[in-house]
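I have placed the structure first, in the form of structure tokens, so that the comments after it can refer back to it.
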Amino acid sequence: MLDIRLIRDTPDQVKQRLANRSGDFASLVDEVQSIDTQRRAAETERQKLQGDRNRISKEIGIAKKNGQDTSAIEAEVRVIGSRIEEIGREADVADARQRDLLLSIPNLPHEDCPVGSTAEENPEVRVWGEKPAYDFQPKDHTVLGAALRMLDFEAGVKISGSAFVVYRGAGAKLERALISFLLDLHTTQHGYEEISPPLLVKSECLVGTGQLPKFGDQVYHSAADDLYLIPTAEVPVTNLHRDEILPLEKLPVNYAAYTPCFRREAGSAGLGTRGLIRMHQFDKVELVKITTPETSMAELESLTANAEKVLQLLGLHYRVIELCTGDIGFGSSKTYDIEVWAPGQGTYLEVSSCSTFGDYQARRMNLRYKDENGKNRIPHTLNGSGTALARLFVALVETYQQADGSILIPEALRGHFGAEKIG
RNA sequence: GGUGAGGUGGCUGAGUGGUCGAAAGCACAUCUUUGCUAAAGAUGCGUAGCCUUAACAGCUACCGAGGGUUCGAAUCCCUCCCUCACCGCCA
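Anchor point for the first sequence: position 69 equals 1449 in our numbering, and the numbering is continuous, going up by one each time.
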């Protein structure tokens, strides 16, 4: 969430920067401001009264020790007590309301973030490789997957409904090989620590990373236990340090985690019509960093480079775009998307979204670090997919398909897959 | 799931209704002294909020969480959570 002091001191600047996002947040900022004023007035009054009560209660203790009658003075404190209760309720209500409001206001886009209103205005940052040429009509991964008995969409529907899939045979093995290839790359070449977190988390975690309270309809929830299925490993992994004060030496923190991800995709158009591209459950290797504010922008570049390395090693053509202010996520202050080319689709597919959240998530989860002067400061959090598996699977299979319907395994993956081709 | 024990500051640990935000020790920081790969002493050393300031200071809250009793709660009562041990069940 945003720093209330920033809103208090420079409300117009805050509103101006939020105005570049999609959605209107000016009225929320106004409301936070007026609640904050009320809250502080009530808080000040409460604290003054509490001080009075503490002082007089001490006097009662002393008087009683001296054997004096204290009934009059006790009655006086009783009046103060009921007043404290009254004003305290006001303060608590205002405090809760203020927190709710702050949790509903998105992060400020970074100064570097290109201004724009829709995805069409996202600038292309760079392109790697080029679209492969085929002397035959490249097939869609659903066709290839069915022919090679790798993907069974009917079985997914039978077991769990639309937008679920069963990987089988070489498909299941390819998925597994990709996971271990990605984890090995990031842990041995890029310096990340591997994390295997719980897939069910408490609501506090989702508040911490920003999915709650606004996007509760997008996550699966087990009401009986009040636990949520993670929509991304970002949630449990970033929250590893919720409510902690990290020593400076521990920064930057670099974590890589493979997990399945679960998304309800409520309101998404085209669910279930395009093979693996948008599923309720998909695998992903996520990269998470916690850094000092001074280094976060450089770390965003290296995080993005780490994710790009995956596609480079697999020889997949991709481009990097930067999201404009109208398209970045709720908690993000700057985001790069990596889109891989899928020949069978004839489109680019987003396989990674690399963002810095500035101190936005850290403030929500009360995460801090001690700086060189021993002062508590708020670190920056970053994350990016390194990469999403289902779409990577699509790009890989479609890119390396051969005229005879078989699929070549790129060299970098052969050690993990244990064969040179499928089919 | 059952029974028992317990949750106090970075750690250990005292504190069962009244100057307790909390003794003591350890760790840590600064300073002093002696000197040499260490010792002694002094001082300081939690988090958040409010109010202020050039800066300091001051006030309030926090002893697992929430509620209750009371003029006053770390301390008494209730509910919940967690940890440990043993038992049961189980991949």
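We treat Cβ as the ideally placed atom computed from N, Cα and C, and that holds for glycine.
Margin query: Let me check one thing: in DSSP terms, what residues is THR1727 bridge-paired to?
Written below: ALA1722
Tell me whether PHE1544 sits in a helix, a strand or coil according to DSSP, three-state version. coil
On the CB-based measure, 16 or more other CB atoms within 10 Å of its CB, does VAL1459 come out buried or exposed?
exposed
Notebook entry, point to check: Thinking just about the alpha-carbon of each residue, which of VAL1409, THR1618, PHE1561, LEU1482 is nearest to the one in VAL1633?
Noted result: THR1618
- Message: I need the DSSP call for LEU1386, collapsed to helix, strand or coil.
- Response: helix
How long is the line joining the alpha carbons of LEU1776 and GLY1785, rounded to whole angstroms? 14 Å
Item checked: Contact set for GLN1418: own chain, Cβ-Cβ below 6 Å, skip 5 residues either direction -> ALA1474
Just list the residues that DSSP pairs GLY1764 with in beta bridges. LEU1667
- What residues are listed by DSSP as bridge partners for PRO1627? LYS1750
Quiz prompt | Touch test, the region 1483-1502 against the region 1600-1607, Cβ-Cβ under 8 Å, three pairs minimum | solution = no
### Task
Count the CB pairs spanning the region 1543-1562 and the region 1741-1757 that are closer than 8 Å, and state whether there are at least three.
no
Q: Confirm, please, whether the CB-CB distance from VAL1665 to ILE1789 is below 8 Å.
A: no
Since ALA1471 and GLU1423 should fall inside the 8 Å C-beta cutoff, what is the C-beta to C-beta distance between them, to a whole number of angstroms?
5 Å
- prompt: Who are the near neighbours of THR1779 in its chain, counting only those whose CB is closer than 8 Å to its CB and skipping five residues on each side?
  reply: PRO1512, GLY1695, LEU1696, HIS1697, TRP1721, ALA1722, PRO1723
Please classify ASN1686: does DSSP put it in a helix, a strand, or coil?
helix
Is it true that the CB of LEU1488 sits closer than 8 Å to the CB of LEU1408? no
Q.
Suppose contacts are defined by Cβ-Cβ distances below 8 Å. Is TYR1749 in contact with LEU1631 by that definition?
A. yes
Check: Mind checking LEU1528: buried by the 16 CB within 10 Å criterion, or exposed?
Finding: buried
If you reduce the DSSP assignment to three classes, tell me which class CYS1734 lands in. strand
Taking 8 Å as the threshold, find out whether the region 1710-1721 comes into contact with the region 1559-1570 through three or more Cβ pairs. no
message = DSSP three-state label for LYS1428, please.
response = helix
Quiz item: To which residues does DSSP link TYR1635 through a beta bridge?
Solution: GLU1573, VAL1668
Going by other Cβ atoms of all chains shown within 10 Å of its Cβ, with 16 needed for buried, is PHE1849 buried or exposed? Any answer about residue 1849 is impossible in this case: the structure gives the chain only from 1381 up to 1803.
Exercise for the section: Can you say whether ILE1657 is buried or exposed, counting buried as having 16 or more other CB atoms within 10 angstroms of its CB? Expected result: buried
Measure the alpha-carbon distance for LEU1667 versus ILE1464 and round it to whole angstroms.
48 Å
Margin query: Looking at the secondary structure, which residues open and close the alpha helix (DSSP H) in which VAL1495 lies?
Written below: VAL1495 -> no alpha helix (DSSP H), and no H or E assigned at all.
Buried or exposed for ASP1480, please, with buried defined as at least 16 other CB atoms from any protein chain shown within 10 angstroms of its CB. exposed
* DSSP state of ASP1597 mapped onto helix, strand, coil -> helix
### Task
Starting from CYS1704, follow its DSSP beta bridges and name the residues at the other end.
Paired residue(s): none; CYS1704 is not in a bridge.
Would you mind giving the Cβ-Cβ distance between CYS1641 and LEU1680, rounded to the nearest angstrom? I have them listed as a contact below 8 Å. That belief does not hold up - the Cβ atoms of CYS1641 and LEU1680 are roughly 21 Å apart, past 8 Å.
Item to complete: Run the CB neighbour count on PRO1518, radius 10 Å, all protein chains shown included, and call it buried at 16 or more, exposed below.
Response: buried
In chain order, what residues of the same chain lie with their CB nearer than 6 Å to the CB of HIS1621, ignoring the 5 residues before and after it? LEU1747
Sequence-distant residues of its chain with Cβ nearer than 6 Å to ILE1467 (five each side left out):
ALA1422, GLU1425, ARG1426
Cutting at 7 Å between CB atoms, please list the residues of its own chain near ARG1643, excluding the five before and the five after it. GLN1598, PRO1611, HIS1660
**Asked** Taking Cβ to Cβ, would you say ALA1792 is nearer than 8 Å to LEU1693?
**Response** yes
Quick check on this structure: which residue in LEU1483, THR1675, GLY1590 has the alpha carbon closest to the alpha carbon of LEU1628? THR1675
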